[in-house]
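Quick note on numbering: the sequence shown equals residues 1 to 95 in UniProt numbering. Note that the Cβ used here is the ideal one computed from N, Cα and C, for glycine as well. The structure displayed is predicted, hence computed values, not measured ones.
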Amino acid sequence: MDKIGGKWKPVIVWLLLNNGTMRFNELDKAINGITQKMLSQQLKDLELENIIKRISYPVIPPKVEYSLTDKGKTLSELLKGIMQWSKTNLQGNYQ
């Protein structure tokens, strides 16, 4: 669980599960309270664990996209279960 644990990694994976490919700024805008430095570190960690893939395009300005790998997509049911548990047990105190 430490591979996707913490405050931000599950949120990043959940967003990519629901939105497909996203750019850094799209992720940054979608996650309230995360700093760009923290987002960058979390993305690097997830990439090292082969949960997400980073595609960089040789254009100006730089274009980088993030999406889930096949391994990352296997987290879908786990995260859905956690979301359902949260809805049931946290009485609306979830995001």
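Residue i versus the options, residue with shortest Cα-Cα distance
{"i": "residue 61", "options": "23, 4 and 83", "result": "23"}
{"i": "residue 38", "options": "84, 83, 85 and 6", "result": "6"}
{"i": "residue 97", "options": "57, 28, 56 and 52", "result": "Since the first and last residues shown for the chain are 1 and 95, residue 97 lies out of range."}
{"i": "residue 64", "options": "13, 25 and 12", "result": "25"}
{"i": "residue 21", "options": "84, 55, 8 and 32", "result": "55"}
Residues near residue i by beta carbon distance below 7 Å, same chain, minus five either side
{"i": "residue 30", "result": "15"}
Contacts around residue i, its chain only, beta-carbon distance under 8 Å, and the 5 residues preceding and following it disregarded
{"i": "residue 10", "result": "4, 79 and 82"}
Please list the segments of the alpha helix (DSSP H) lying wholly inside the UniProt domain "HTH hxlR-type" (1 to 94), counting only runs of 4 or more residues, in order along the chain.
Runs found: 9 to 19, 24 to 30, 36 to 48, 70 to 73 and 76 to 89.
task: Could you tell me whether the stretch 73 to 80 touches the stretch 38 to 47, where touching means 3 or more Cβ pairs closer than 8 Å?
output: no
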